[in-house]
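If you number the sequence shown the way our numbering does, the last residue is 79 and the count never jumps. Glycine included, each C-beta is placed from N, C-alpha and C at the ideal position. Here is the structure we will look at.
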Amino acid sequence: MVAAYYRPDSLDEALSLLAEPNRVPLAGGTVVNADREPSEIEVVDLQALGLGGVEHDGDRVRLGAT
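Right, here's the structure in full:
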């Protein structure tokens, strides 16, 4: 059961929220609570963070998907 829903506006806020117990990230295609015992979880929605896409910066490639 989802006990709380959060939709952070920044990556820092998302990381702070996810540092708490029973909070799980939610992004495109995420299945919530599929492999867990029934419990109350808190969902942190990552959709608003703009993490999708591919960036190339010199010798690094950053992949994101939500």
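Sorting E33, I54, L64, E26 by C-alpha distance to the C-alpha of Y18 places I54 at the top. Per the coordinates, the alpha-carbon of V57 lies some 22 Å from the alpha-carbon of V67.
Counted as a single uninterrupted DSSP element, the alpha helix (DSSP H) harbouring E26 occupies residues 24-31. Bounds of the beta strand (DSSP E) holding E68 are 66-70.
In this structure L24 does not touch L39 by the C-beta definition: roughly 15 Å separates them, more than the 8 Å allowed.
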